[in-house]
Amino acid sequence: MQPELAEEYAVAFCINDISYAVMMASPHDLEDFAFGFLFAEKLISNPNQVHDIKVSLMPNEAMAEINVTLANRCLENLRAKKRNLAGASGCGICGVEALQQALPAVDVVAKQEVISLAAIANLRQQCQQWQGLAKNTGALHGAFLLDLSGKIIESREDIGRHNALDKLIGACLRNLNFQADHVAILLTSRCGVELVYKVANLGVANLVSLSAPSQLALNIAHQANLNLIHLTKLDGPRVLNQAYSDTRTLS
Numbered sequence: 006m007q008p009e010l011a012e013e014y015a016v017a018f019c020i021n022d023i024s025y026a027v028m029m030a031s032p033h034d035l036e037d038f039a040f041g042f043l044f045a046e047k048l049i050s051n052p053n054q055v056h057d058i059k060v061s062l063m064p065n066e067a068m069a070e071i072n073v074t075l076a077n078r079c080l081e082n083l084r085a086k087k088r089n090l091a092g093a094s095g096c097g098i099c100g101v102e103a104l105q106q107a108l109p110a111v112d113v114v115a116k117q118e119v120i121s122l123a124a125i126a127n128l129r130q131q132c133q134q135w136q137g138l139a140k141n142t143g144a145l146h147g148a149f150l151l152d153l154s155g156k157i158i159e160s161r162e163d164i165g166r167h168n169a170l171d172k173l174i175g176a177c178l179r180n181l182n183f184q185a186d187h188v189a190i191l192l193t194s195r196c197g198v199e200l201v202y203k204v205a206n207l208g209v210a211n212l213v214s215l216s217a218p219s220q221l222a223l224n225i226a227h228q229a230n231l232n233l234i235h236l237t238k239l240d241g242p243r244v245l246n247q248a249y250s251d252t253r254t255l256s
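Under the numbering used here, think of the first position of the sequence shown as 6, with each following residue one higher.
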């Protein structure tokens, strides 16, 4: 029997009639992807700056187009940020034109206690229940929103790890009840520096990763006051960066 394989589309972003980027992504939750991508690119600072969005799928060509109309005050950001981006599904900073763009100053998050390590000890088992697409194909990354008791409350999947997080961020931005200081984020993929930037930009202070981060990601997490936790397979959670001085949550 033919195995079920993950879909991968070329997704083109057109912003105010300007071709901005083409990313390789899974063809679902594309409106969330648009909001999260625009926010990560700092083209918008809140969802109200998106005046219109239209997603067009072309399944026969494995392509999609996202047409976005932004508020006029965002156009200066668009002109300053515009890059020639043809990104692979695993690409986070492809297409930037200078090293300064690749590693800008990171947003600093308000310090917060480390999420209870006992509460997140079984997250590997929890996240499997939320990854329906990954379960069927074995090829998708997951990004999860947790409440501070360690319960998963939202998730997004994508063939690209950056895209999965952008989709989750987009879902958060579109939720009127979202409060960054009431949640944590869990990633199934390797925690590279680009993902740390995205989480800090959202204002979330606790980032849990099922894979170890890079040294640069750890350094940037320290600069951002981000609590960075590696949930190992055998030894449980390890706090790699703790921004808050109270250590009671570590026991």
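We put the beta carbon where it would ideally sit given N, CA and C, even for glycine.
Two segments are said to touch when three or more pairs of C-beta atoms, one from each, lie closer than 8 angstroms; by this definition the region 20-38 touches the region 65-75. Using a C-beta cut-off of 8 angstroms, the region 113-131 makes contact with the region 152-161, since at least three inter-stretch Cβ pairs fall below that distance. Between the region 227-236 and the region 200-214 there are three or more inter-stretch CB-CB distances shorter than 8 angstroms, so the stretches are counted as touching. In this structure, residue 242 places its C-beta atom within 8 angstroms of the C-beta atom of residue 125. Closest by C-alpha distance to residue 61, out of 34, 159, 162, is 34. Counting only the Cα atoms, residue 79 lies some 11 angstroms from residue 86. DSSP assignment within the region 222-249 yields the following whole beta strand (DSSP E) runs of 3 residues or more, N-terminal first: 232-237, 241-246. Each residue's CA atom was taken as its position, placing residue 164 and residue 115 some 31 angstroms apart.
Taking the CA atoms as reference points, residue 51 sits about 35 angstroms from residue 237.
The continuous alpha helix (DSSP H) containing residue 38 extends over residues 35-45. Considering only 182, 167, 112, the residue with the shortest C-alpha distance to residue 197 is 167.
Using a Cβ distance threshold of 8 angstroms, residue 225 and residue 45 do not count as a contacting pair. Residue 157 sits in a strand when the DSSP states are folded into three classes.
Residue 15 has its alpha-carbon roughly 27 angstroms from the corresponding atom of residue 53. Residue 218 places its beta carbon 8 angstroms or farther from that of residue 239. Taking 8 angstroms as the cut-off, the beta carbon of residue 177 is found closer than this to the beta carbon of residue 207. For residue 186, the closest alpha carbon among the candidates 36, 227, 205 is that of 205. Taken through DSSP and simplified to helix, strand or coil, residue 208 comes out as coil. For residue 203, the closest alpha carbon among the candidates 41, 66, 159, 69 is that of 41. Setting aside the 5 residues that flank it on each side, residue 148 is surrounded in the same chain by 161, 169, 170, 173, 192, each with a C-beta closer than 6 angstroms to its C-beta; the list follows chain order.
Judged by their CB atoms, residue 179 and residue 37 are nearer to each other than the 8 angstroms cut-off. Counted as a single uninterrupted DSSP element, the stretch harbouring residue 177 is not any beta strand (DSSP E) but the alpha helix (DSSP H) occupying residues 166-179.
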